[in-house]
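Each residue of the sequence shown is one higher than the last, beginning at 1 in the UniProt record's numbering.
C-beta atoms are modelled at their ideal positions from N, C-alpha and C, and glycine is treated no differently.
Owing to the predicted nature of the structure, the values given are computational and were not obtained by experimental measurement.
Remarks on the structure that follows.
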Amino acid sequence: MMAEDLATVFPAIEILRHEPLAHYTHTKTGGPADYLAFPTNIQETKSLLAYANQEQLPVTVIGNASNLIVKDGGIRGLVMILTKMDQITADATHHTVTAAAGAALIKATQVAQANALSGFEWAAGIPGSVGGAVFMNAGAYGGEISNVATSVEVLTPQGEIRTLSLAEMDFGYRHSSVQDYHDIVLAATFTLTPGEKPAIQAQMDELNARRAAKQPLELPSCGSVFKRPTGHYTGQLIQEAGLQGLKWGGAQVSTKHAGFIVNIDHATATDYLDLIHHIQAVIWEKNQVHLETEVRIIGEDPQA
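Below, the structure is given as structure tokens:
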């Protein structure tokens, strides 16, 4: 099937062929998608999934691609980026904010603040999408998605739309049930508590200032690379192993925060992955601690 055929089937949806995903990832790395589609609503997403199932095309869904590494070989089949599905509404009576999967998490926290709803301040600087944040139960500064999400609308791999309760989401550390069942997050509802707009904004500003002081926000990165191992701090382990500042191709262990890897000189995804594997090997050798990746790694290795 040619891209023209796919575009003919879905003339209202933007669909690109052999599109480099480096144009979309926060690392500025990643190989091409066979087909890259930008649905604007649930029906378009459902129709694309149904067609892909019919044609036996693999389907990959990504949000803001902020905590993601796409390998240099790219992704086969259909990739959907949901950032055009970005509606956010607030219900002051029920103290809720409902956001579509492609909405920026930062924007959702701003809507909460504008409606004097507290409990989302910790997420004010997280650059991911709502769908991605739900997918991995994103967290920072003592808060996480599981503390505020009360229901999640998903599209199952079979094309069924379901609304999952908090219990059904099975949230854990950087985990949710959508990872296990390969559901597509469509939207999420967050239940918050009434507060005062100035106080909410002040806390958001304080956390964003702390983030800017500690994290290498000025350089391309995939965010926090590793999960925190029990009883240890990742950045401290990497520092003590003498790895902070280490360069691998165009990638470098950030000199500002050792838990981040930054793109300093046209890095490839392979540079990132080789550096990650080196860090894991060194930390295991020195500490017998396995650093598990937090960043989602998808796609195929480049062909030799």
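- The beta carbon of residue 76 lies closer than 8 Å to those of 34, 58, 300 in the same chain, with the five residues before and after it left out.
- Shortest Cα-Cα distance from residue 231 to any of 245, 193, 291 involves 291.
- Judged by beta-carbon spacing, residue 80 lies beyond the 7 Å limit of residue 102, meaning their Cβ atoms are not closer than that value.
- When the Cα atoms are used, residue 238 and residue 56 turn out to be separated by approximately 43 Å.
- Bounds of any alpha helix (DSSP H) do not take in residue 173, whose DSSP letter is neither H nor E.
- Scanning its chain for C-beta atoms nearer than 7 Å, with the 5 sequence neighbours on each side dropped, one finds around residue 162 the residues 154, 156, in chain order.
- By a beta-carbon distance limit of 8 Å, residue 60 does not contact residue 272. Their separation comes to about 18 Å.
- If only complete runs of 4 or more residues are kept, the region 209–291 shows the alpha helix (DSSP H) at 234–240, 269–287, in order along the chain.
- Of all alpha-carbon atoms in 186, 65, 120, the one lying nearest the alpha-carbon of residue 128 is that of 65.
- With a cutoff of 7 Å on beta-carbon distance, residue 166 and residue 150 are scored as near each other.
- Within the model, the alpha-carbon separation for residue 104 versus residue 83 is close to 8 Å.
- One alpha carbon belongs to residue 188, the other to residue 178, and they sit about 13 Å apart.
- Residue environment: residue 14 is assigned as exposed (fewer than 16 neighbouring CB atoms within 10 Å of its CB, all protein chains considered).
- Linking residue 27 to residue 252 through their CA atoms gives a straight-line distance of about 12 Å.
- Minimum Cα-Cα distance from residue 193 among the listed residues 288, 148, 183 corresponds to 148.
- For residue 79, the enclosing beta strand (DSSP E) stretches over residues 75–81.
- Shown here, residue 34 sits in a strand according to DSSP, grouped into three states.
- The alpha carbon of residue 123 has as its nearest neighbour, out of 94, 225, 201, the alpha carbon of 201.
- In the three-state scheme derived from DSSP, where H, G and I count as helix and E and B as strand, residue 105 is classed as helix.
- When C-alpha distances from residue 116 are compared across 204, 5, 31, 159, the shortest belongs to 204.
- In this structure, residue 225 lies away from residue 283, with their beta-carbon atoms at least 7 Å apart.
- Non-local beta-carbon contacts of residue 71 in its own chain, meaning distances under 8 Å to residues more than five positions away in sequence, involve 30, 31, 269, 270, 273, 297, 298, 299, 300, 301, 302 in chain order.
- In the structure shown, residue 48 falls within a helical segment according to DSSP collapsed to helix, strand and coil.
- Inclusion of residue 88 and residue 112 in the CB contact set at 7 Å is not warranted, their separation being larger than that value.
- Contact check for residue 295 and residue 69: beta-carbon distance about 6 Å, within the 8 Å limit, so the pair qualifies.
- Put simply, of 266, 131, 139, 73 the residue whose alpha carbon is nearest the alpha carbon of residue 98 is 131.
- Between residue 24 and the set 74, 5, 52, the nearest pair of CA atoms involves 74.
- Across the set 91, 54, 92, the C-alpha of 54 shows the shortest separation from the C-alpha of residue 78.
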